[in-house]
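Just add 94 to wherever you are in the sequence shown, counting from 1, and you've got the numbering used here. First the structure, in the form of structure tokens, and then the observations on it.
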Amino acid sequence: MILRSFDGKLSTVARLFLSISVIVITLASFLGAGGVMTGNHFLLKLHPYIFFIGFGNIAILILNRYLTATIYPELKIDPLKQLRYIYTIILSLIMIIVAVAMEWPLLKALTGLMLMILVIGPLQEIFTTLSIPKIWKEVSVRYYIFDVLFLLNANLGLFTLGLKEAFPHQGLIPFFVTQSSYFLGSSFPLSISVMGFLYTYAWSKSTKRELVKRLFSLWFYIFVGGVLLFLIVILAGYYLGMMIISHILLFGVMALFGSFSLYLYNFFKKSFHHPALAFLLSGLALLFATSAYGIMNIYFLKGIAYGTVPPLRIDRMWIYHSHTHAALLGWITFSFIGMIYIVLPAIVRSDSLDLLRSDSALSPILGEATRKKAFRQLTILLLSSTAIMLGFFLENTILLSIGGFVFGGSVYFLNINLLSEFHRRV
95 MILRSFDGKL STVARLFLSI SVIVITLASF LGAGGVMTGN HFLLKLHPYI FFIGFGNIAI
155 LILNRYLTAT IYPELKIDPL KQLRYIYTII LSLIMIIVAV AMEWPLLKAL TGLMLMILVI
215 GPLQEIFTTL SIPKIWKEVS VRYYIFDVLF LLNANLGLFT LGLKEAFPHQ GLIPFFVTQS
275 SYFLGSSFPL SISVMGFLYT YAWSKSTKRE LVKRLFSLWF YIFVGGVLLF LIVILAGYYL
335 GMMIISHILL FGVMALFGSF SLYLYNFFKK SFHHPALAFL LSGLALLFAT SAYGIMNIYF
395 LKGIAYGTVP PLRIDRMWIY HSHTHAALLG WITFSFIGMI YIVLPAIVRS DSLDLLRSDS
455 ALSPILGEAT RKKAFRQLTI LLLSSTAIML GFFLENTILL SIGGFVFGGS VYFLNINLLS
515 EFHRRV
């Protein structure tokens, strides 16, 4: 019935994407905070599945496709098909909640299989529409399309994880298929898209465009190749390899963070205070923290076999939790909020991708009141995420719970702020 009444507009799907993605992150945050407060194992186990299955898939299938189609218009967007993607993701969330609550691993596997089939469709469209040389020509598109491939692999991980839990004594599923490896693999798709976005809407506008293009092309191989190689050395238990790769990635993140800080300083000085860019800078800062926690994690991981539960000694688990939450709550959530503050207003305003293709993408599309509220939102998110990191270090459940609830509420404010802006503009 909802599909029949759909008006077919790109902007309608964009608004629905905004509402669903914000609700998913908020729900994941609330479940995590509630689980810590009550000591409920079910909530603690469920909340990362909600984040990765819900936001991971919807962000790549909807937002990532907007970014790719902005560069290559021949990758036409079918709003009705995107609407079906959203409803399928909602169904997958219901399925995973039931699977975790009832401890039905085969339903978890079915959820992964359904999401794999869902992702294959957009991948087929991409590779039948664009040739490999054309894909490789645009640096940003390399990042975006590899994200879709990583998403397919992440959903494959959910499928195999469900099978392994259903048939634990069968030797067909590799030893490295664990919940930790699934969550680790699911975080990379979101990370790679942000890199492509940063290049498209920041560094590609540089006066030294050719040099920047070469550097970001090199960073693509270091980042994507480093991530893949890192997974291999983790599984092999090669401690020195883990340390070398993690430090290379850390230095790359430091270079990105420093250069984007300089870019942001010049942009704010010459243009206006754009909250989206501040969110992206905050995301890079927390990616730096993620990398630092990751190196600490590797240091204390020495001598512990992969797949051990817990993965670190109990007194060092705060490092592991800080690493994962700095990545999810910080790097990924902050960065995608920044991307949303640019992409969705541009789409809703024109009901097309035209503004994203023009030089007006970083113009003051949002009203001044909306921008000021976005900066206040960023401040609260930074404070609450810092409280969560501190809560892990101090092992303080009250600080963790309050930080989680405040963080989730601050994320939900994105929906309120943008929807009120859209209504005001109309």
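For each residue, glycine too, the CB sits at the ideal point set by N, CA and C. Note that this is a predicted model, so its numbers are computed, not measured.
The beta strand (DSSP E) runs of length 3 or more contained entirely in the region 408 to 473 do not exist; there are none.
Nearest to Glu259 by C-alpha distance, out of Asn249, Ala248 and Gln273, is Gln273. Residue state for Lys103 is assigned as coil, using DSSP reduced to three classes. Secondary structure note for Pro199: its alpha helix (DSSP H) is the uninterrupted segment Pro199 to Thr223.
Taking a 10 Å sphere around the C-beta of Phe487, we find fewer than 16 other C-beta atoms and assign the residue as exposed. Taken through DSSP and simplified to helix, strand or coil, Asp172 comes out as coil.
Taking the Cα positions, Ile482 is about 37 Å away from Leu104. Counting along the chain, the unbroken alpha helix (DSSP H) around Gly335 starts and ends at Tyr333 to Lys364.
Contact check between the region 373 to 388 and the region 415 to 429: three or more CB pairs, one atom from each, fall below 8 Å, which counts as touching. The closest CA to that of Ser376, considering only Leu312, Glu462 and Gln471, is found on Gln471.
In the assembly as shown, Glu197 is an exposed residue. Its beta-carbon has fewer than 16 other beta-carbons within 10 Å.
Note that the C-beta distance between Leu322 and Pro283 is not below 7 Å.
Scanning its chain for C-beta atoms nearer than 7 Å, with the 5 sequence neighbours on each side dropped, one finds around Ala108 the residues Leu438, Ile441 and Val442, in chain order. Per the Cβ contact rule, the region 124 to 133 is not in contact with the region 199 to 212 (fewer than 3 Cβ pairs under 8 Å). A Cβ-Cβ separation of about 6 Å places Arg159 in contact with Pro216 under the 8 Å criterion. Inter-residue distance for Val288 and Thr120 is about 20 Å (C-alpha atoms, whole angstroms). Annotated three-state conformation of Thr254 is helix, per DSSP.
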